[in-house]
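*Asks:*
Numbering (full-length UniProt numbering), first residue to last: 1 to 201.
Rendered as structure tokens:
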């Protein structure tokens, strides 16, 4: 008779003991998700800023400043931003090797964004009167966004097996144990097996 209270106490403590572990397992996942979201925002923001500017002859208007924003000059920025957003959903919903594959894709996409930011034109030697701050800021955002996306992909590769999936229920084992210990369930099981349920109570 003394064993029943102990087992019930152990079962009641099990969900409480798994809660910190569940929160710890979720933390890397949400760090990666936030990194991907911020990376996507940075890439999209970079695509809306001026990437290229030069003085051109405007005919009767004289010399004018010709500009191209990122979505025109570096057309891969918006697709990479959309890929990062889609990767966020995929990272949450998948697990195991599909998550690792997704992580590789995101890491490559992030590296590509960094390369675009570094390789597109010089960082010095601009003529006076050009929007230098905006051009440098646009490339800086692309590099930052690429780093964040790549970091999210690497985190997905490293923690693919440990990160929980969407809808994972850590309390399920405890719920099953409580259901198995339900008195009415035990009573009907004992009767169906031809046993005397009062013998163990």
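The beta carbon of each residue, even a glycine, is placed where N, CA and C say it ideally should be.
Reducing DSSP to helix, strand and coil, say where residue 124 ends up.
*Replies:* In this structure, residue 124 counts as coil in the three-state DSSP scheme.
*Asks:* For the beta strand (DSSP E) containing residue 142, list its first residue and its last residue.
*Replies:* Segment 132-158 is the alpha helix (DSSP H) holding residue 142; no beta strand (DSSP E) there.
*Asks:* Between the Cα of residue 64 and the Cα atoms of 151, 131, 138, 33, which residue gives the shortest distance?
*Replies:* Residue 131 is the option with its Cα nearest to residue 64.
*Asks:* If you reduce the DSSP assignment to three classes, tell me which class residue 75 lands in.
*Replies:* Coil at residue 75, not helix or strand.
*Asks:* Using only the alpha-carbon positions, how far apart do residue 11 and residue 92 sit?
*Replies:* Any reading at residue 11 needs caution, since the residue's pLDDT is 49, under 50, leaving its predicted position unreliable; the model's value is listed next. About 29 Å.
*Asks:* Under a three-way DSSP split, which group does residue 63 fall into?
*Replies:* In the structure shown, residue 63 sits in a strand (DSSP, three-state: E or B).
*Asks:* So what's residue 180 in DSSP terms, helix, strand or just coil?
*Replies:* Any reading at residue 180 must be qualified, since the residue scores a pLDDT of 49, below 50, and its modelled position is unreliable; the value itself is stated next. If DSSP states are grouped into helix, strand and coil, residue 180 belongs with the helices.
*Asks:* Just how far apart, CA to CA, sit residue 135 and residue 129?
*Replies:* Each residue's Cα considered, the two are about 12 Å apart.
*Asks:* Flag residue 101 as yes when its Cβ comes closer than 6 Å to any non-hydrogen atom of the ligand ATP, and as no otherwise.
*Replies:* Absence of the ligand ATP from the depicted structure is noted, as is the absence of any ligand whatsoever, leaving it without description.
*Asks:* Near residue 107, what residues of its chain come up, given a Cβ to Cβ distance below 6 Å and the 5 sequence neighbours on each side ignored?
*Replies:* Counting only Cβ-Cβ distances below 6 Å, and skipping sequence neighbours, we find 150, 153, 154.
*Asks:* Which residues mark the beginning and the end of the alpha helix (DSSP H) in which residue 117 is found?
*Replies:* Taken as a continuous stretch (DSSP letters only), the alpha helix (DSSP H) holding residue 117 covers 96-119.
*Asks:* Which partner residues does residue 56 have in the DSSP bridge list?
*Replies:* DSSP lists 64 as partners of residue 56.
*Asks:* Buried or exposed, going by whether 16 or more other CB atoms sit within 10 Å of the CB of residue 88?
*Replies:* Buried is the call here.
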